[in-house]
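Start counting the sequence shown at 4; every next residue gets the next number (the numbering used here).
Following: one structure in structure tokens, then a few remarks.
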Amino acid sequence: MTLSEIEAARAAGANDLIEKTVHRPNTTNAFVPGKVGGTYNDFIMGEPKSFNMLVAEKDGTTAGVVAPLVQYLAEYDIVAREWKGHIADFEIKIDEANNKLDVIYTIKDDVYWSFYENAKPRVKVTSDDVIFWYDEIQGDEECGSSAYNSQFMPLEDGTEARITIEKIDDARFVFHFPTIIAEPILHTNMNFGPRFLYKAAKDAGGADAVKKLFTVDADPREIPSCGPYFLVEYVPGQRLVYKRNPDCWNRDANGESHYYPEEMISQIVGDANTGYLLFKQGKIEDYSFQPEQLEETVKNAQNALTPNGEIIADAGKDGYTVFNADGAMNASFWSFNQNPKNESEPFYKWFCKKEFRQAMSCLLNRERIIQQTYRGLAEPTYSFFPQVNRYYNEDIILQYRYSHAHAQKLLETAGFSKRADGFLYDSDGNKVEFDLTINGSDAISSDIAQIIVDECKKEGITVTPRPTDFQKLVDQLMVSYDWQSIIIGFGGGSMFPTQGSNVWVSDGNLHLWYPLQKSPATDWEARVDELYHKAKCIVNYEEAKPLWDEYQEIFLEQCPIIYLLRRRSFFGLQNRWDMTNVYYDNLNGAETSYLYLK
């Protein structure tokens, strides 16, 4: 097909499905009071490693399991595009004369650590909780917190200074910044565990004892909650059960916590297909659909809203509704291991060559992936920042797009050549072949990998997909560094340019191609560090923009990661739930925090 034919086919297929689903982005942040009751059933695809807040920083499943038990200090209002207080209100004070900044937080009066069924007296959340977590957990290098590096800021004189925290009284505390920063709330916003339990563990046995607190063998009812739910049961391989926390501070106009379901049950399943089957059977409440499931899903939907999001008054409780959202903010990517731990391997020399990485970008056939894998329901990603980012620049785009001719020139420049046997060799006579690690439970990644294999094969490059358990994959990235190339995506947002400091800055623990560098390994990484640390301290948009522009240009030129595409997403919800407070968009996903039964 020609490019125009591909575009036309993609648009036709996408429009047909989209027109039969509901588009309802959150544009008001207005919610009506609901009613308490019911059980919300969902699923997870893995076992938690622990119920420990510190362990949760590096294990996504654990983080999801403990999330209903904790709260963040502040929250970002995606509609108003501004920070607002959550369990704490805040005030920012800027001292321009001395280039200093303070953020003063005040914890709300009605925030408590509570125990299920009041088994123990509740404990007020105070500034001591936050200060202990910041200083003694995140700020203790022995604890290995992923937030440790973010507590330090480089100064103009080349030195480094720590962002300190100070107690004012039981409710108030202040972060002292050694220099003015553009997003101080983003930098200080955090959740935390109960000091009275974690401090006792640390006093008794140090960082190791902290990590061993609340293992999966612990009675979950012993874990206090300051969030909307208690974790009350864990049956390995089967389920997690949560019960509503009546003490939760966040209340609606009727004085009720707006987390209305009395109970949540997360079934533990082996793969997403099992989740899909359970959703079709009405046994779980929501599901995010894969492209190959959409035709069947949309055909059998009984939408309780019109395509533009208006409630259908006489819609019954049977069936489900399918929502659609524009292309996601974040995209998965392809990356290459440049860790000197592997310097004896031929692939290390290849991956460290900019031209090789650029050539791989030229062999990435995004249009083919979109058409064959996503049924046309995605868009290529050629920018570094997503459009929602304030510093997104439509003129800064990837130059190394799909082109075998361009890939061939780049490979020749880097000293590679194709021999009579049809295979590509480097200048030392090594055949170019490497592994591609993918999430073994993700069928989409497998399909993408096969397309990459096929496109690379045309240039004599042998790529071998390695489906891997997701937790082992994370360990390879963060512990053993035993991988060659990988397809993965990071959660979290890209709404602010300073997000992902532990990925983009060279000393970050998730600077995946070579993490935790003592000093930048390359000139371009040194420049990225410099730009990042300068730009994050500039409040004025016009002054910061040239720095963030260059920052994006470097990543798109060096190709340490190669973004794939932004997929349009689809979300299903059972019709037994009232849809008045339900929204779905690409900024915040599914808004179901105010959900209640019909």
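Every residue, glycine too, gets a C-beta built ideally from N, C-alpha and C.
According to the neighbour-count rule (16 or more other Cβ atoms, all chains shown, within 10 Å of its Cβ), is Ile-314 buried or exposed?
-> For the purposes of this step, residue 314 is taken as residue 311 along the sequence shown, with counting starting at 1. By the neighbour-count rule (16 or more Cβ atoms within 10 Å), Ile-314 is not buried but exposed.
Using 10 angstroms around the beta-carbon of Asn-505, count the other beta-carbons present and answer buried if the total reaches 16, otherwise exposed.
-> On the sequence shown, residue 505 is found 502 positions in, with the first residue counted as 1. Buried: at least 16 other Cβ atoms inside 10 Å.
Alpha-carbon spacing of Ile-564 relative to Ala-256, whole angstroms = The residue given as residue 564 occupies position 561 in the sequence shown. The residue given as residue 256 occupies position 253 in the sequence shown. Ile-564 and Ala-256: Cα-Cα distance of roughly 47 Å.
How would you call Asn-555, buried or exposed, if buried means at least 16 neighbouring beta carbons within 10 angstroms?
-> For the purposes of this step, residue 555 is taken as the residue at position 552 of the sequence shown. For the sequence presented, residue 555 should be read as Gln rather than Asn. Burial call: buried.
In this structure, what does DSSP give as the bridge partners for Gly-575?
-> Here residue 575 corresponds to residue number 572 of the sequence shown, with the count starting at 1. Its beta-bridge partners are Tyr-290, Val-325.
Looking at the unbroken alpha helix (DSSP H) that takes in Leu-476, where does it start and where does it end?
-> Mapped onto the sequence shown, residue 476 falls at position 473. First-last of the alpha helix (DSSP H) with Leu-476: 473 to 478.
Give me the Cα-Cα distance between Thr-416 and Arg-360, rounded to the nearest whole angstrom.
-> Stepping through the sequence shown from its first residue, residue 416 is reached at position 413. Stepping through the sequence shown from its first residue, residue 360 is reached at position 357. Cα to Cα, Thr-416 sits roughly 12 Å from Arg-360.
Any 3 or more C-beta pairs closer than 8 Å across the segment 63 to 75 and the segment 224 to 241 | yes
When DSSP labels each residue in this structure, what does Glu-236 get in the three-state scheme?
-> Translated into the one-based positions of the sequence shown, residue 236 becomes position 233. DSSP places Glu-236 in strand when its eight states are reduced to three.
Does the Cβ of Ile-171 have 16 or more other Cβ atoms within 10 Å, making it buried, or fewer, making it exposed?
-> Reading the sequence shown from its first residue, position 168 is the one you call residue 171. Exposed is the call here.
Per-residue burial, Pro-500 [other beta carbons within 10 Å of its own, 16 or more giving buried] = By one-based count along the sequence shown, residue 500 stands at place 497. Per the 10 Å Cβ criterion, buried.
Can you check the segment 509 to 588 for any alpha helix (DSSP H) of at least 4 residues that lies completely inside it and give the ranges in chain order?
-> 526 to 538, 544 to 561
Rounded to a whole number of angstroms, what is the C-alpha to C-alpha distance between Tyr-43 and Phe-574?
-> Working through the sequence shown from its first residue, we reach residue 43 at position 40. Working through the sequence shown from its first residue, we reach residue 574 at position 571. One C-alpha to the other measures close to 16 Å.
Using a threshold of 7 Å, is the CB atom of Gly-592 nearer than that to any non-hydrogen atom of the ligand MN?
-> As presented, the structure is devoid of all ligands, the ligand MN included, so that no description of it is given.
Whole-angstrom Cβ separation of Pro-187 and Ala-164, contact assumed at under 8 Å?
-> Counting from 1 along the sequence shown, the entry for residue 187 is found at position 184. Counting from 1 along the sequence shown, the entry for residue 164 is found at position 161. The Cβ separation is near 15 Å, so there is no contact.
Would a C-beta distance cut-off of 8 Å place Asn-340 and Thr-24 closer than the cut-off?
-> Here residue 340 refers to the residue found at position 337 when the sequence shown is read from its first residue. Here residue 24 refers to the residue found at position 21 when the sequence shown is read from its first residue. No, the Cβ-Cβ distance between Asn-340 and Thr-24 is not below 8 Å.
Would you call the segment 447 to 461 and the segment 369 to 377 in contact, with 3 or more CB pairs under 8 Å?
-> yes
Spell out the partners DSSP gives Ser-260 in its beta bridges.
-> Looking up residue 260 in the sequence shown gives position 257. Ser-260 is bridged to Arg-254.
Should Glu-22 be labelled buried (16 or more other beta-carbon atoms within 10 Å of its own) or exposed?
-> The sequence position of residue 22 within the sequence shown is 19, counting from 1. Glu-22 is exposed by the Cβ-count criterion.
Drop a sphere of 10 angstroms on the beta-carbon of Lys-286, count the other beta-carbons inside from all chains shown, and report buried for 16 or more, exposed for fewer.
-> For this step, residue 286 is matched to residue 283 along the sequence shown. By the neighbour-count rule (16 or more Cβ atoms within 10 Å), Lys-286 is not buried but exposed.
Return the chain-ordered list of same chain residues with a C-beta closer than 6 Å to the C-beta of Val-58, the five sequence neighbours on each side being excluded.
-> To locate residue 58, count along the sequence shown from 1; it is residue 55. These residues qualify, in order along the chain: Lys-52, Thr-65.
Distance CB(Ile-441)-CB(Ser-449) smaller than 8 Å = Here the question's residue 441 lines up with position 438 in the sequence shown. Here the question's residue 449 lines up with position 446 in the sequence shown. Taking 8 Å as the Cβ cut-off, Ile-441 and Ser-449 qualify as a contacting pair.
May I have the straight-line CA-CA distance separating Ser-364 from His-89, to the nearest angstrom?
-> Locating residue 364 in the sequence shown gives position 361, where the first residue counts as 1. Locating residue 89 in the sequence shown gives position 86, where the first residue counts as 1. Straight-line Cα distance between these residues: approximately 42 Å.
Indicate the three-state DSSP secondary structure (helix, strand or coil) for Tyr-108 in the structure shown.
-> The residue given as residue 108 occupies position 105 in the sequence shown. Tyr-108 falls in the strand class under three-state DSSP.
What's the gap between the Cα of Asp-250 and the Cα of Asp-173?
-> The count along the sequence shown starts at 1 and reaches residue 250 at position 247. The count along the sequence shown starts at 1 and reaches residue 173 at position 170. Near 20 Å, if we compare the C-alpha coordinates of Asp-173 and Asp-250.
Which residues in the same chain have their Cβ closer than 7 Å to the Cβ of Leu-534, if we skip the five residues on either side of it in sequence?
-> Translated into the one-based positions of the sequence shown, residue 534 becomes position 531. So the qualifying residues of the chain are Leu-550, Glu-553, Tyr-554.
Skipping 5 residues on each side, what residues in its chain have a beta carbon closer than 7 Å to that of Ser-269?
-> Within the sequence shown, numbered from 1, the residue matching residue 269 stands at position 266. Asp-45, Phe-46, Ile-47, Arg-242, Leu-243, listed in sequence order.
Reduced DSSP secondary structure (H/G/I, E/B, other) of Ile-447 | Here residue 447 corresponds to residue number 444 of the sequence shown, with the count starting at 1. Of the three classes helix, strand and coil, the one that applies to Ile-447 here is helix, per DSSP.
Under a Cβ-count criterion, where at least 16 other Cβ atoms within 10 Å of its own Cβ denotes burial, should Gly-209 be classed as buried or exposed?
-> Numbered from its first residue, the sequence shown carries residue 209 at position 206. Exposed, by the Cβ-count rule.
Segment contact, 8 Å Cβ cut-off, at least three pairs: the segment 373 to 387 with the segment 395 to 403 | yes
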